[in-house]
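Chains as they are written, first to last, in my numbering: chain A, 1160 to 1358; chain B, 1326 to 1991; chain C, 108 to 397; chain D, 321 to 495.
C-beta atoms are modelled at their ideal positions from N, C-alpha and C, and glycine is treated no differently.
What follows is one structure encoded as structure tokens, with my remarks underneath.
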Amino acid sequence: MMRIERTIKYEGDRVRGFAKEIMGVPGCEQLQSCIQCGTCSGTCPLSIYMDFSPRQVMALVRADFKNEVLRSHTVWLCASCYACTVECPRQIRITDIMYALKQRAIKEGIYPRRFPIPVLAKEFFEMVRRNGRITETLLVARLFLKTNWFAALGSWRQGLGLMRTGRLGVWPERIQRRAELAAMLSAAESGNGKPKETP
Amino acid sequence: MKTNQSNGDVRIGFYICHCGHNIAGMVDCAAVAQYMAKLPGVVVSRDYKYMCSDPGQELIRQDIREHQLNRVVVASCSPLLHEHTFRKAVAAGGLNPFYFQMVNIREHDSWVHSDRAAATAKAKALGNAAVRRVRFHRALETTRVAIQPDVLVVGGGIAGIHAALTLANAGKKVFLVEREPSIGGHMAQFDKTFPTLDCAACILTPKMSAVRAHENITLWSYSEVAKVEGYVGNYTVTVKRKPRYVNEELCVGCLECIAGCVFKEGKFPDEFNVGLSKRKPIYIPFPQAVPPVVVIDPERCLQVRTGKCKKTCLEACADRKAIDFTQKEELVEIKVGNIIVATGFKLFDAKRIPQYGYGLYPNVVTAIELERLVNSSGPTAGEIVLRDGRPPKSVGIILCVGSRDVKTNRWCSRTCCMHSMKLAQLVREHTEADVTVFYMDIRAPGKGYEEFYDKSLKEGIQFVRGRVAEVTDWALAPEEEGKLVIRVEDTLAGFVRRMPMDMIVLAAGMEPQEDAQQVRRLFNMSCGTEGWFLEKHPKLAPVSTFTDGVFIAGCCQGPKDIPDSVAQAGAAAAEAMALIDKGYIEQEPNTAYIVEADCCGCKSCVPLCPYKAIAFEEAKQKARINEALCKGCGTCVAACPSGSIRQNLFEDEEIFSEIEGVLAYV
Amino acid sequence: MKYSYFPGCSLKGLGRAYEESLLPVMERLGVELVELDDWNCCGATAYMSVDEAMACVLAARNLAIAEKTGPHDLITPCAACYLVLNKTKHNIADYPEINATVQRALSNAHLSYSGKVPVRHPLDVLVNDIGLDVIKEKVVRPLKGLKVAPYYGCQVVRPYATFDDAWNPTTMDRLLATLGAEVVHFPLKTKCCGGSLTGTVPEAGLRLAYILLKEAVRRGADVMATVCPLCHFNLDAYHDQISRRWGPARIATVYITQLMGLAFGIPAEQLGLKRNMVPMKPLAAAATTV
Amino acid sequence: MSDANWQPRIVAFFCNWCTYTAADLAGVSRLKYAPNVRVIRLMCSGRVDPQFILDALAKGADGVLIGGCHLGDCHYGEGNYKTVRRFQMLQRLLRDMGIEDQRVRLEWISASEGERVKTVINDMVEQVRALGPLNLPQRRQDWDCEMTHLAESAGESAGESEAAEPRAEPEAAHA
């Protein structure tokens, strides 16, 4: 039997105000003037793997289809190469919009499960918060553990190579004034909710 | 005409226009009328739906009679729009038309503010100023200046040609000045024209010949306007005639000299064929060139450059003796009453978008190059071929090259959709190739244009909606080997496609001419921010400029196709004729004058006048203003240390009272 | 000449060969690099994905330290750090709300930032400050016959194409020509290498690396030159997986500074060349050992 | 006079050909800007007599804006060059009077720059708002008082403390 699915969207599917929220993020203002030309998708090296092309993401955001956008793989496939941003004939900073969408997805916890990219982002975030610096090896190790430790087995040869060439650091890199950094980050965090209030 | 000099007994009528909802929506018109009614001197104060309508004007006429008004103030739109209308109404009521003052509460108030209270207060303040000012108005007479009936047309493209012919056919003498050696412009390069597919040469050449043959047209090709002085009705124009090194009167266009040139083969890129063929230093731009005479390229000709050449061209010309190496640049002065500027456009340089590979990949060509390829008198005699001579099996046409892009040109070039569909049809006609058009939106809004789009679809031309991201020569699939590959999102299908092509055609858009800014200054015109010449009003005065007697036609005003260019040219010609046939120019009486008794003879005004209207009378030791020459800028008025220079319509008292009025608390 | 120097995490980790070659090359050119005191991670792309304002705060600490250190330009060899620090500069300048957050955070650490320190990439400094003439003088062993595909990657030229064209940059091409190398026409020079996707979504990420490698081989290059530790990693460390998926595309990838070092006559072992998984073939004429 | 309802009042002199037309364009384009500017139309910015500016300030304007064609674009050739020269001289005078530069501005706005009319006016209104009321009529009265005071005190030969006090204000503004 052929499986069929209704694809129609109702007004109730829209999350009113989502477009406005995204366009209010620094760097995302220009989204309003998108003409759906497809240059972003055409230049994007990863659009060929996306469930919605970057152009479609722009259309979905502008029409308040929040759930559809945040559930899509597209934002997580963006490699931040900025090709779309540079090429866009309306100077829409598409990469920045992708960032804004990633932030929303992480904040609201709507992203594909066991999908390594958001996990990487969060692990990275935590490691920097703790140490002030990144030790790539440890980061990758944690990533594998959290997502697909099986895959780690597949790349043993690569690991060996890196070990041979002396590129694997196993001692965590740290900054000295970690308290200073922590103080900064907490100050930023506390004011994050209402950024307009300045001391 | 009844005049009323006495300032003591002013009886002012004040009228505020609702302009439908345009003003009344933001300004409380009734409140303004009530406020004005209380001001000293105001006898009648009314608000009315449309003051510019016949009943509105009638209201003024009636009030002048019934209430013995001797001053009228109308608060409505910009004086640049309707001052004339209301002055006429005032005159019709039996009053000198200059006993009138207009208040701009639409463009300067209701349309630009969003706070009703503030907008109403502003309207009151501006009204107050006008009421105070109009008290000082005096009866004035317009002066009439005879108009020089000849017309200068600058630019010999289709717009300039059409304007010149229209005027000439009406019996006006026309000077047509063209920078290139031949008239014809861009249209001469086209093979066919959309949407009828009639041959461009077949419809243009007769008009070009008509220009040459017309007794009322003086054609100066290879010439440029160097200087413009004067004003509407009386321009003095200096035209620079570049040396062609060929006597136009003597040359019969036999082209023997070209064959006789010491260069045996063409060596230099041929401008008319956009570099697709080569020409010699002596050449004729194209077979149908008008004037049909040769020209010598001073940068390439050995004789002109070095003085050392066997001059075999002279031998070829023999006893016609048309070739003349002694020619020098010449400056000619002409007097005209009107000027039509039709200087056209420049094609966008496709190299500015490197991702399309123009200049890098030989088989990426521009639309105008394809136009020459498909033309039977073009470099390939009408064969559409790749650089290696093979016919293409697949052709991709990319639209909006340089257009609709904030990084290059924001505007839509308006003609490329239709132009590309025409080329697509011609490619289908001439070759077996598959043609794909890559577009963002197809814009086919002219008569017969949508039908042309339909025809293109029916002929099997493919349309892919998506702005092409890049053209490359690297293959990721076997069918891509040796081809140019377009990467584009097919936005209607919703995925990215890679499409191999043999030939890629770039529909480069239109830009203002490189020297548009200089030309603009030359003729005292304005430019929009993009560089297109600015019309006086986008709807109601589309071919007029802010300088009276200077009109614009064709693509110098903005991208447009041939029908629109021709229509504009006709309109410009009609505007010029309207002035000529009236016979005189009515001058706004805003001239400066000297109260001789107060003049101290310091002469500081004399050098200020750009029109040399101020002379110094040594005998009296007083300055004197020639009001016929004065254009009414008022610079001398502001400069006069003794206050003896005054300006009609802009008297000091009038302005001081206006200042007082706008600052009045309301 | 003196510059502040922000190495970034990668240059202390997987990309240590970059630092190992950059430092001696700069020394030869008489350029002093002063490593920022107690610098921290720039935040990279990952941090931006979690919280933009926090990412700016993180990066701004480095900018503030640089401002405190001295009036020197800040060199950031890693493309991601270069982008993030520049982006932070722009954000602080363009958006008052971000600026407010950043200043508040900095003041908590008794730091301040006024936006003065320019953030520069070594390529920019090498070609525009030091100059190709000076570099040419230092070349003792020209890279004659070595065919190099110049690969810039994304983030050095995009989106802030400050010192070179975003579409067709030429700085590295000119630098390579100065070293005597033969520059291969490589139109993919700014295409994405896969970024962090090589690890997270290998099917997508590695294919991008593969296309670059394959095209460099097809165009006859002996070696690819990079200016970014992540690009280098993606192009160097995944050959096994790539050839398993799509077939071999074996070509060595080295840092431009390593090639400069070789041309300056610095021994290969001092340039971190031994750290390559795909070793670069020894230079033919002047026998440099690898 | 720090009235809570105080709104800056700015008198503008716009040339007929460029800036006035640009303001019309701003209207046609329905751009929104602050309602504090009242425009007086002149044929050319060259007609702007420095007296107009002084008169406007003296009658209570908080700022004066002059708008003309860009240099080189004057409808009358070079009227705006004359404007610049006069404007620069006047500016020195105004500074001496303690009137801030931001209160009297000369701007070139061509007929196509409707957007610029909006930004210039909004910008200027904000700047003048920040400076507060100029209140020249009141200040003139104060100065007059001060002068008579000075004259009187000079006559009395003593009383320096009282005379020095009010003089400080315009001096400070001048610095």
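Give every residue of the same chain whose Cβ lies closer than 7 Å to the Cβ of residue 1203 of chain A, excluding the five residues on either side of it in the sequence, and list them in chain order. 1213, 1242, 1243
Listed by chain order, chain C residues near residue 1687 of chain B by CB distance under 7 Å: None at all; the shortest Cβ gap to chain C is about 15 Å.
Straight-line Cα distance separating residue 1780 of chain B from residue 361 of chain C: 56 Å
State buried or exposed for residue 298 of chain C, treating a residue as buried only when at least 16 other CB atoms are found within 10 Å of its CB. buried
Starting from residue 1947 of chain B and walking both ways along the beta strand (DSSP E), at which residues does that stretch end? 1947–1950
Ordered along the chain, which non-local residues of its own chain (more than five positions away) have a Cβ less than 6 Å from that of residue 1898 of chain B? 1488, 1491, 1492
Boundaries of the beta strand (DSSP E) in which residue 1815 of chain B is found, first to last residue: 1809–1815
Residue 1909 of chain B: buried (16+ other C-beta within 10 angstroms of its C-beta) or exposed? exposed
List the residues of chain A that residue 1816 of chain B touches, going by C-beta distances under 7 Å, in chain order. 1195, 1197, 1214
Specify, as a first and last residue, the run of the beta strand (DSSP E) that residue 1370 of chain B falls within. 1367–1373
Is the CB of residue 1794 of chain B under 7 Å away from at least one CB in chain A? yes
Where residue 393 of chain C sits in the DSSP three-state scheme: With a pLDDT of only 44 at residue 393 of chain C, under 50, the local geometry of the prediction cannot be trusted, and no value is derived from it.
Below 8 Å, how does it come out for the stretch 1721–1739 of chain B and the stretch 1748–1768 of chain B: are there three or more Cβ pairs, yes or no? yes
Go to residue 1982 of chain B, then tell me how far its alpha helix (DSSP H) extends in each direction, as first and last residue. 1977–1987
Taking a contact to mean a Cβ-Cβ separation below 7 Å, would you say residue 389 of chain D touches residue 465 of chain D in this structure? No. Outside cutoff.
Would you call the CB atoms of residue 1852 of chain B and residue 1845 of chain B closer than 7 Å? yes
Specify the secondary structure class of residue 81 of chain C as computed by DSSP and reduced to three states. Here chain C covers residues 108 to 397 and nothing more, so residue 81 of chain C does not appear.
Select from the stretch 1959–1977 of chain B all residues with a C-beta closer than 8 Å to any C-beta belonging to chain D, and list them in chain order. 1959, 1960, 1962, 1963, 1964, 1972, 1975, 1977
Contact the stretch 1819–1838 of chain B vs the stretch 1680–1695 of chain B: 3+ CB pairs below 8 Å: yes
Neighbourhood of residue 1343 of chain B by C-beta, 6 Å cutoff - its chain only, sequence neighbours within 5 removed: Excluding residues within five positions, the ones whose Cβ falls inside 6 Å are 1349, 1354, 1374.
Compare the C-alpha of residue 1678 of chain B against each of B:1363, B:1797, B:1467 and name the closest. That would be B:1797, whose Cα lies nearest to the Cα of residue 1678 of chain B.
With a threshold of 7 Å between beta carbons, is residue 172 of chain C in contact with chain A? So, not an interface residue.
With 7 Å set as the bound, which would you pick, yes or no: does the beta-carbon of residue 1170 of chain A sit closer than that to a beta-carbon of chain C? For residue 1170 of chain A, no Cβ of chain C is located within less than 7 Å of the residue's own Cβ.
Would you be able to state if there are at least three C-beta pairs under 8 Å between the stretch 1492–1504 of chain B and the stretch 1517–1524 of chain B? no
Determine the DSSP secondary structure at residue 1761 of chain B, reduced to helix, strand or coil. strand
So is residue 1364 of chain B in contact with chain D if we call contact Cβ pairs under 7 Å? no
Note down, in chain order, each residue of its chain lying with its Cβ closer than 7 Å to the Cβ of residue 1981 of chain B, except the 5 sequence neighbours on either side. Shown here for residue 1981 of chain B: not one same chain residue has a beta carbon closer than 7 Å to its own, the five before and five after excluded.
The stretch 346–365 of chain C: which residues have C-beta closer than 8 Å to a C-beta of chain B, in chain order? none
Which chain C residues sit within Cβ distance under 7 Å of residue 1204 of chain A? 298, 299, 315
Beta carbon proximity, residue 337 of chain D to chain B, threshold 7 Å: yes
Contacts that residue 1801 of chain B makes with chain C (C-beta to C-beta distance below 8 Å): 318
Local conformation of residue 1929 of chain B per DSSP, three classes: coil
So, does the CB of residue 1835 of chain B fall closer than 7 Å to a CB anywhere in chain A? no
With a threshold of 6 Å on Cβ separation, who are the neighbours of residue 496 of chain D within its own chain once the five nearest residues in sequence on each side are excluded? Nothing about residue 496 of chain D can be read from this structure; chain D reaches only from 321 to 495.
Classify residue 1569 of chain B as buried or exposed, calling it buried when 16 or more other Cβ atoms lie within 10 Å of its own Cβ. Buried, by the Cβ-count rule.
Distance between residue 1594 of chain B and residue 1563 of chain B (C-alpha atoms, nearest Å): 31 Å
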